[in-house]
Amino acid sequence: QVHLVESGGGLVQPGGSLRLSCAASGSILSFNVMGWYRQTPGKQRELVAEITRGGSTNYADSVKGRFTMSRDFAKSTVYLQMNSLKPEDTAVYYCKADKYISAYWGQGTQVTVSS
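The numbering of the sequence shown is the working numbering, which starts it at 2 and goes up by one.
What follows is the structure, given as structure tokens:
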């Protein structure tokens, strides 16, 4: 069974930064793709960023130039560095890992951007 544990969320002022972490059980190289999604009440979960096993990244237009996804194989962890945060970035952020035909989700971490 795959377990993903997110951390790093919190309250930050507009323009501030946060780094989210997603620690996976087992090697992250076993996943085809790992991604960060976010969800606000009443809205569908949306893709924020993703990284393939080969290292290619993809970002939502709304976060390009502000967010960066990276990974540490030794720690089996992926990160989402979020800079220049805006109130509209407020959401629960989820980590997702795709392995063959299965998808695994973490429990989510709340990010609130407010003054």
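Every residue, glycine too, gets a C-beta built ideally from N, C-alpha and C. Just so we're clear, the structure is a prediction, and the values are computed from it rather than from any experiment.
Take the alpha-carbon of Lys44 and the one of Asp62: they are about 18 Å apart. Residue environment for Thr58: exposed (fewer than 16 other C-beta atoms within 10 angstroms of its C-beta). Under the three-state reduction of DSSP, Asp73 is assigned to strand.
Setting aside the 5 residues that flank it on each side, Ser18 is surrounded in the same chain by Gln82, Met83, Asn84, Ser85 and Leu86, each with a C-beta closer than 8 Å to its C-beta; the list follows chain order. Here Ser103 carries a strand assignment [DSSP, helix/strand/coil]. When DSSP states are grouped into helix, strand and coil, Ser63 belongs to the coil group.
Of all alpha-carbon atoms in Met35, Gly36 and Asp90, the one lying nearest the alpha-carbon of Val64 is that of Asp90.
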